[in-house]
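J.:
Protein chains: 2
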Amino acid sequence: MGSERHKNRQSNRGHETRAVSHGQVDERGQAGGHERAEGKRERILASAIRVFAEKGFYATRVSEIAKAAGVADGTIYLYFKSKDDVLISIFEDRLSRLLEVLRKEVAGESNVERQLEKIVDIQLGLIDGRDLAEVLTVNLRQSSKLLKQYAEPRFREYLCIIANVIASGQAEGTFRKDVSPGIAARSLWGALDGLTMTWALSGAEPSNLRKAARQFLSIYLAGLKTPRQT
Amino acid sequence: MGSERHKNRQSNRGHETRAVSHGQVDERGQAGGHERAEGKRERILASAIRVFAEKGFYATRVSEIAKAAGVADGTIYLYFKSKDDVLISIFEDRLSRLLEVLRKEVAGESNVERQLEKIVDIQLGLIDGRDLAEVLTVNLRQSSKLLKQYAEPRFREYLCIIANVIASGQAEGTFRKDVSPGIAARSLWGALDGLTMTWALSGAEPSNLRKAARQFLSIYLAGLKTPRQT
DNA sequence: AGCCACAAAATGAACGTTCATTCATTGGAT
DNA sequence: ATCCAATGAATGAACGTTCATTTTGTGGCT
Chain A
1 MGSERHKNRQ
11 SNRGHETRAV
21 SHGQVDERGQ
31 AGGHERAEGK
41 RERILASAIR
51 VFAEKGFYAT
61 RVSEIAKAAG
71 VADGTIYLYF
81 KSKDDVLISI
91 FEDRLSRLLE
101 VLRKEVAGES
111 NVERQLEKIV
121 DIQLGLIDGR
131 DLAEVLTVNL
141 RQSSKLLKQY
151 AEPRFREYLC
161 IIANVIASGQ
171 AEGTFRKDVS
181 PGIAARSLWG
191 ALDGLTMTWA
201 LSGAEPSNLR
211 KAARQFLSIY
221 LAGLKTPRQT
Chain B
231 MGSERHKNRQ
241 SNRGHETRAV
251 SHGQVDERGQ
261 AGGHERAEGK
271 RERILASAIR
281 VFAEKGFYAT
291 RVSEIAKAAG
301 VADGTIYLYF
311 KSKDDVLISI
321 FEDRLSRLLE
331 VLRKEVAGES
341 NVERQLEKIV
351 DIQLGLIDGR
361 DLAEVLTVNL
371 RQSSKLLKQY
381 AEPRFREYLC
391 IIANVIASGQ
401 AEGTFRKDVS
411 PGIAARSLWG
421 ALDGLTMTWA
431 LSGAEPSNLR
441 KAARQFLSIY
451 LAGLKTPRQT
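Protein sequence lines, in the order shown, are assigned to chains A and B.
Going by the working numbering, the letters in the first sequence line up with residues 1 to 230, in that order.
Going by the working numbering, the letters in the second sequence line up with residues 231 to 460, in that order.
1. Report all residues from its chain with a CB closer than 8 Å to the CB of ARG273 (chain B); omit the five preceding and five following residues, and keep chain order.
2. In the stretch 80-122 of chain A, which residue ranges form an unbroken beta strand (DSSP E) of at least 3 residues, counting only runs that do not cross its ends?
3. Just confirm the distance between the C-beta atoms of TRP429 (chain B) and ILE392 (chain B), as a whole number of angstroms; I'd bet it's less than 8 Å.
4. Is it buried or exposed, GLU402 (chain B), if we count other Cβ atoms within 10 angstroms and call 16 or more buried?
5. I need the DSSP call for PHE405 (chain B), collapsed to helix, strand or coil.
6. Going along chain B in order, which residues have a C-beta closer than 8 Å to the C-beta of GLU113 (chain A)?
7. Rounded to the nearest angstrom, how far is the Cβ of ALA452 (chain B) from that of VAL350 (chain B), given a contact under 8 Å?
8. Could you please tell me which residues of the stretch 66-82 of chain A, in chain order, have their CB closer than 9 Å to any CB of chain B?
9. Nearest to ARG406 (chain B) by alpha carbon, out of B:LEU454, B:SER374, B:GLY424 and B:SER432?
10. Going along the stretch 269-287 of chain B in order, which residues come within less than 7 Å of chain A, judged by CB to CB distance?
11. Do the stretch 85-104 of chain A and the stretch 127-145 of chain A meet, that is, are 3 or more Cβ pairs less than 8 Å apart?
12. Exposed or buried, GLU173 (chain B), counting other C-beta atoms within 10 Å across all chains shown (16 or more means buried)?
13. Between which two residues does the alpha helix (DSSP H) harbouring PHE287 (chain B) extend?
14. Quick one: Cα of PRO227 (chain A) to Cα of ALA107 (chain A), how far?
15. Locate the alpha helix (DSSP H) running through ASP131 (chain A), then write down its first and last residues.
16. Taking the alpha carbon of GLU54 (chain A) as the reference point, which residue from B:TYR307, B:SER373 and B:PHE282 has its own alpha carbon closest?
17. From B:LEU354, B:ILE449, B:SER417 and B:CYS390, pick the residue whose C-alpha is nearest to that of LEU439 (chain B); which is it?
18. Mind checking whether the beta-carbon of SER340 (chain B) lies closer than 7 Å to any heavy atom of the ligand ADP?
19. ILE357 (chain B) lies in the alpha helix (DSSP H); which residues open and close that run?
20. Residue range of the alpha helix (DSSP H) that THR198 (chain A) falls in?
21. How is the alpha helix (DSSP H) around GLY269 (chain B) delimited, first residue to last?
22. Going by Cα to Cα distance, which pick from B:LYS378, B:LEU346 and B:GLU322 is closest to PHE446 (chain B)?
23. Does the beta-carbon distance from TYR58 (chain A) to TYR288 (chain B) come in below 8 Å?
24. Please list the residues of the stretch 423-445 of chain B that have a C-beta atom closer than 7 Å to any C-beta atom in chain A, keeping them in chain order.
25. Buried or exposed, going by whether 16 or more other CB atoms sit within 10 Å of the CB of ASP193 (chain A)?
26. In whole angstroms, give me the CA-to-CA distance for GLU322 (chain B) and ILE90 (chain A).
27. If we define contact as Cβ-Cβ less than 8 Å, is LEU329 (chain B) a contact residue for chain A?
28. In whole angstroms, what is the alpha-carbon distance linking GLU64 (chain A) and VAL51 (chain A)?
29. Whose Cβ in chain A lies nearer than 7 Å to the Cβ of TYR450 (chain B)?
30. Quick check on this structure: which residue in A:GLY203, A:MET197 and A:SER47 has the alpha carbon closest to the alpha carbon of LYS83 (chain A)?
31. Which residues in the same chain as ARG344 (chain B) place their Cβ atom closer than 6 Å to its Cβ, once the five residues preceding and following it in sequence are excluded?
32. For GLU382 (chain B), which residues from the same chain have a beta carbon less than 8 Å from its beta carbon, with the 5 sequence-adjacent residues on both sides left out?
33. Mind checking if GLU35 (chain A) is an interface residue toward chain B, Cβ cutoff 8 Å exclusive?
34. Apart from the five residues on each side of it in sequence, which residues of its chain come closer than 6 Å, Cβ to Cβ, to VAL316 (chain B)?
35. For LEU195 (chain A) and ALA415 (chain B), what's the separation of their Cα atoms in angstroms?
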């Protein structure tokens with residue numbers, strides 16, 4: 001990061017970033033063709049997510065990503081403009097996909113409390129694998145202004161989905177109306193993120209995280225529901 | 231880390247870290263000795279906290295810390311063994327001091343809800359300046375294993391203080407007994423941390439953060455209190 | 001008081017290492 | 001024979017750390 005300078009070649013962010021191919025086939029077989037090309041960008045991205053999540057962006061060596069993806073260091077630069085570009089691509093490619101999932105899951109459920117449970121499961125990575133959320137969170141905190149620029153809008157969308165669920169809960173009278181949906185959303189996200197972090201730090205079982213999340217949700221929902229009118 | 235070598239003047243890790251001064255006296259006066267030395271270590275630490283909080287550990291250049299502290303690059307190495315050592319010293323020197331404050335404030339208040347409010351105020355940095363919490367949080371996530379080793383125990387203490395308040399609230403019947411104090415503590419911390427982060431990201435007014443925290447605490451306390459008896 | 005010798009403290013240019021990035025070469029496919 | 005994805009050693013810049021030099025302060029001596 002650093003280097004806001006950087007003569008930066010073209011750096012037309014994201015759009016038409018790479019080129020190469022795209023295919024969907026292949027994936028594994030790669031018979032013998034030198035056409036095993038695609039799936040490579042994919043593999044690199046997936047590996048990068050794993051490594052970034054584990055060690056953080058700065059502590060990750062490009063060569064480690066390469067090793068994890070099973071390609072040579074230089075190959076990374078056939079698919080990405082720079083190390084920064086790898087991270088940015090994660091935001092571009094994957095996060096929107098995650099948001100898709102989130103929206104779909106929420107839409108497929110009409111009970112607001114059940115919707116929040118779905119969100120919790122997704123955020124904890126019980127649906128998609130925790131690494132992505134980790135990358136989002138960690139890098140949102142540690143990376144340069146430039147990077148934040150790419151992550152923040154997506155993150156905002158994420159929070160917005162949660163806030164909407166809460167707002168609709170208020171509208172239907174299930175939730176208290178004296179709290180801002182935005183604040184409620186951000187604190188829910190923060191609490192889950194915190195639980196995830198302390199859980200990761202302690203190296204405990206995934207089931208523990210699930211249990212912790214359920215307990216928190218129970219507090220949170222109890223506090224959010226209309227005071228009861230008996 | 232690196233460099234276990236180092237003839238290093240004093241700076242033998244953590245334990246009896248310092249040398250130079252230490253005492254409780256001095257601090258400022260330093261009469262006339264060319265012993266004006268002290269206060270410089272202090273300045274460096276304070277500057278480092280500020281810069282680390284703003285840019286993160288990896289993105290911070292030693293020269294930036296030096297500039298912020300108004301000393302030459304080399305001077306830092308008269309007081310610290312390495313850049314890593316600066317960060318570790320923050321944990322050693324400052325965090326224990328913060329924990330001190332926290333314990334004292336909590337002890338000086340007998341109402342558990344009021345105790346939690348105190349904790350919230352402290353965590354938000356309204357008492358000590360938000361930077362320290364930022365450094366703790368961010369670096370807990372991004373730094374090397376070794377670094378985490380120094381931070382984690384302190385962080386655990388922090389959480390433990392909160393957990394104790396909650397446990398005593400349960401003991402006196404104010405709070406529900408069906409949640410683990412540890413989980414409640416971690417989620418409270420996470421939520422506050424998350425609010426702080428999103429607040430910082432949005433560049434809003436400090437008063438907004440305070441307001442957000444109050445709203446969350448209202449949800450949280452409502453959810454934590456025994457289901458009602460009225 | 002003025003002067004000197006000495007030492008601690010501070011400085012910042014120079015050093016060496018650690019990577020991100022490049023590019024000349026390879027090898028498999030057509 | 002030609003092409004081009006892939007390679008990984010070589011390159012060069014960035015940055016943590018060192019150290020020869022300068023500055024600052026102290027006490028002794030006249």
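Virtual Cβ for every residue (Gly too), placed ideally from N, Cα, C.
T.: Reading it off the structure:
1. ALA299, GLY300 and VAL301
2. none
3. At roughly 20 Å, the Cβ-Cβ gap does not stay under 8 Å, so TRP429 (chain B) and ILE392 (chain B) are not in contact.
4. Exposed, since its Cβ has fewer than 16 Cβ neighbours within 10 Å.
5. strand
6. Per Cβ cutoff of 8 Å: no residues; GLU113 (chain A) is ~13 Å from chain B at best.
7. At roughly 15 Å, the Cβ-Cβ gap does not stay under 8 Å, so ALA452 (chain B) and VAL350 (chain B) are not in contact.
8. Taking 9 Å as the Cβ-Cβ cut-off against chain B, none of the residues of the stretch 66-82 of chain A qualify.
9. Nearest option by C-alpha distance: B:LEU454.
10. GLY286
11. The stretch 85-104 of chain A is in contact with the stretch 127-145 of chain A.
12. Nothing can be reported for residue 173 (chain B): it is not among the residues displayed for chain B, which extend from 231 to 460.
13. It is not in any alpha helix (DSSP H) - PHE287 (chain B) carries neither H nor E in the DSSP assignment.
14. Rounded to the nearest angstrom, the two C-alpha atoms are 27 Å apart.
15. 131-142
16. B:SER373
17. B:LEU354
18. Inclusion of the ligand ADP in the displayed structure is not the case, the ligand content being empty and no account of it being possible.
19. Element bounds for ILE357 (chain B): n/a, residue is neither H nor E.
20. 181-202
21. Note, GLY269 (chain B): premise wrong, no alpha helix (DSSP H); not H, not E.
22. B:LEU346
23. yes
24. ASP423, GLY424, LEU425, MET427, THR428, LEU431, ALA442 and GLN445
25. buried
26. 36 Å
27. no
28. Answer to the nearest angstrom: the Cα atoms are 8 Å apart.
29. ILE219 and GLY223
30. A:SER47
31. none
32. LEU370
33. Residue confidence is low: GLU35 (chain A) scores 48 on pLDDT, short of 50, so the model does not pin down where it sits. No coordinate-derived value is stated.
34. ALA278 and PHE310
35. If I take the Cα positions, the gap works out to 10 Å.
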